[in-house]
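Visitor:
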Amino acid sequence: MTMSKICNAPMRQLAAFGGLCVLLAAPATAGPAGTYVRRIDGGVPVAERCAEAAMHARRDTKAGIAACTAAIWDAGRRTDTKAASLTNRALLYRYAGDVRSALKDCSRALAMVPDHPGTAVTCAAVYINAGKPRAAVGVLEDAPLPAPGLQYRYYHNLALAHHDLGEYAQAYHYILKTLEAKPDFLPAIKLKKQYRVAGE
1 MTMSKICNAP
11 MRQLAAFGGL
21 CVLLAAPATA
31 GPAGTYVRRI
41 DGGVPVAERC
51 AEAAMHARRD
61 TKAGIAACTA
71 AIWDAGRRTD
81 TKAASLTNRA
91 LLYRYAGDVR
101 SALKDCSRAL
111 AMVPDHPGTA
121 VTCAAVYINA
131 GKPRAAVGVL
141 EDAPLPAPGL
151 QYRYYHNLAL
161 AHHDLGEYAQ
171 AYHYILKTLE
181 AKPDFLPAIK
191 LKKQYRVAGE
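Using UniProt numbering, read the sequence shown as starting at 1 and increasing by one per residue.
(1) Could you tell me the boundaries of the alpha helix (DSSP H) in which Arg100 lies?
(2) Considering just the uninterrupted stretch of the beta strand (DSSP E) at Arg196, what are its terminal residues?
(3) Just to confirm before moving on: does the CB-CB distance between Ile72 and Leu92 stay below 8 Å?
(4) Can you give me the Cβ contacts of Ala57 inside the same chain, cut-off strictly under 6 Å, excluding the 5 residues immediately before and after it?
(5) Report the residue from Thr69, Glu180 and Lys62 whose alpha carbon sits nearest the alpha carbon of Gly149.
(6) What first and last residue would you give for the alpha helix (DSSP H) that runs through Arg134?
(7) So, under 8 Å CB-CB, Ala143 and Ala159 are touching, yes? Tell me the CB distance rounded to an integer number of Å.
(8) Between the C-alpha atoms of Asp184 and Tyr195, what's the straight-line distance to the nearest angstrom?
(9) Rounded to a whole number of angstroms, what is the C-alpha to C-alpha distance between Leu140 and Pro117?
(10) Are Cys50 and Arg89 closer than 8 Å when you measure CB to CB?
(11) Check whether the Cβ atoms of Ala130 and Leu103 sit closer than 8 Å, and answer yes or no.
(12) Pick helix, strand or coil for Ala47, following the three-state DSSP scheme.
(13) To the nearest whole angstrom, what separates the beta carbons of Met112 and Thr81, a pair I think is in contact under 8 Å?
(14) Starting from Pro183, follow the alpha helix (DSSP H) in both directions and report where the run begins and ends.
(15) Along the chain, which unbroken stretches of the beta strand (DSSP E) at least 3 residues long are found entirely within the stretch 145-180?
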């Protein structure tokens, strides 16, 4: 729907948007700040190399993916370590442009730790990039809220997913929640500029 169609919509239809007009019709994308790298406390060295690679995902995704693959094999029955390494490898696959592999790793990680907020935040970003915003919303809503220092990423991914779904009132709500949690968060500031609140 174009800007003119949204802003010239009948009042009943506009109310469904919560009084918001979206200025740009381009879909939102989850940037690097929309993810959360899982750190493993007391993990084996190869798992730490995987976590370190995920923290610097733009540098050398190929080596990072190899480190995470080794960490997954090395984890054995340690579910938390394996899930963390799968989550980190999903992030690396995402940066490498291999969305299919990222989705597979997220599916496996979420099956192991469905209630881990860090995995939910990272995998929601993967789902958003894969054009599956409804899945992103589901994953985030099923997970507990992360620790206060990471809540802005959780809210930002909800904002992106609702934006891509055309659910602009919900998206705007989560943009405000993101900025409340981290006022200087540039991706949310940029996304907010795509909205105009009726009456302002």
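Note that the Cβ used here is the ideal one computed from N, Cα and C, for glycine as well.
Guide: Quick look at the numbers:
(1) On the sequence shown, position 100 is the one that residue 100 refers to. Counting along the chain, the alpha helix (DSSP H) containing Arg100 begins and ends at Val99 to Met112.
(2) Locating residue 196 in the sequence shown gives position 196, where the first residue counts as 1. Counting along the chain, the beta strand (DSSP E) containing Arg196 begins and ends at Tyr195 to Val197.
(3) As a first step, residue 72 must be located in the sequence shown, where it is residue number 72. As a first step, residue 92 must be located in the sequence shown, where it is residue number 92. A distance of 8 Å or more separates the beta carbons of Ile72 and Leu92.
(4) One-based indexing of the sequence shown puts residue 57 at position 57. Excluding residues within five positions, the ones whose Cβ falls inside 6 Å are Leu91, Leu92 and Tyr95.
(5) Residue mapping note: residue 149 aligns to position 149 of the sequence shown, counting from 1. Closest option to Gly149, Cα to Cα, is Glu180.
(6) Start at 1 with the first residue of the sequence shown, and residue 134 comes out as number 134. Membership of Arg134 in the alpha helix (DSSP H) is indicated by the continuous run Pro133 to Asp142.
(7) Mapped onto the sequence shown, residue 143 falls at position 143. Mapped onto the sequence shown, residue 159 falls at position 159. So it is not a contact: roughly 16 Å between Cβ atoms.
(8) The residue labelled residue 184 in the question sits at position 184 within the sequence shown. The residue labelled residue 195 in the question sits at position 195 within the sequence shown. The straight-line gap separating the alpha-carbon atoms of Asp184 and Tyr195 is approximately 18 Å.
(9) As a working note, residue 140 is residue 140 in the sequence shown. As a working note, residue 117 is residue 117 in the sequence shown. Each residue's alpha carbon lies about 8 Å from the other.
(10) Along the sequence shown, read from residue 1 onward, the residue named residue 50 stands at position 50. Along the sequence shown, read from residue 1 onward, the residue named residue 89 stands at position 89. With respect to the 8 Å criterion, Cys50 and Arg89 are classified as neighbours on the basis of their beta carbons.
(11) Locating residue 130 in the sequence shown gives position 130, counting from the first residue. Locating residue 103 in the sequence shown gives position 103, counting from the first residue. Cβ atoms of Ala130 and Leu103: closer than 8 Å.
(12) As a position in the sequence shown, residue 47 is number 47, starting the count at 1. Reduced to three states, the DSSP call for Ala47 is helix.
(13) Counting from 1 along the sequence shown, the entry for residue 112 is found at position 112. Counting from 1 along the sequence shown, the entry for residue 81 is found at position 81. Incorrect: roughly 10 Å between the Cβ atoms, too far for contact.
(14) Residue mapping note: residue 183 aligns to position 183 of the sequence shown, counting from 1. Per DSSP, Pro183 belongs to no alpha helix (DSSP H) and is neither H nor E.
(15) Segments of the beta strand (DSSP E) lying fully in the stretch 145-180: there are none.
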